[in-house]
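Engineer: In our numbering, the protein residues as written are 1051 to 1144.
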């Protein structure tokens, strides 16, 4: 018993070629420091060159993770729609 799910029990760790990767086609995978716009920093691994990433949002400031979600009427789209088409009378027939 290898501790694998039953569908993979037949695999043997000593199979020749198992785990070998084709040389020269894989990007380098190295430690990277991620800096968020809110000032939060953390370390992860990435193939991005330079060892640093700058992001706009992270789990510390993204509304989905913080629960402080707010809905914005970007550019007054509702007001612009109402101005263009006017508020329709609910009782009017077409």
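C-beta atoms are modelled at their ideal positions from N, C-alpha and C, and glycine is treated no differently.
These numbers come from a predicted model, not from an experiment.
Taking the C-alpha atoms as reference points, what is the distance between residue 1097 and residue 1117?
Structural biologist: Using only the alpha carbons, I get a separation of about 31 Å.
Engineer: Can you grab the Cα-Cα spacing for the pair residue 1072 / residue 1079, in whole Å?
Structural biologist: One C-alpha to the other measures close to 15 Å.
Engineer: Report the rounded CA-to-CA distance for residue 1077 versus residue 1099, giving the unit in angstroms.
Structural biologist: For residue 1077 and residue 1099, the distance between alpha carbons rounds to 10 Å.
Engineer: By Cβ distance below 8 Å, which residues in the same chain neighbour residue 1106 in space, the five residues on each side in sequence not counted?
Structural biologist: Once the five neighbours on either side are set aside, the close Cβ partners of residue 1106 are 1086 and 1087.
Engineer: Opposite residue 1095 in the DSSP bridges: which residues?
Structural biologist: DSSP, once it has assigned bridges, lists 1081 as partnering residue 1095.
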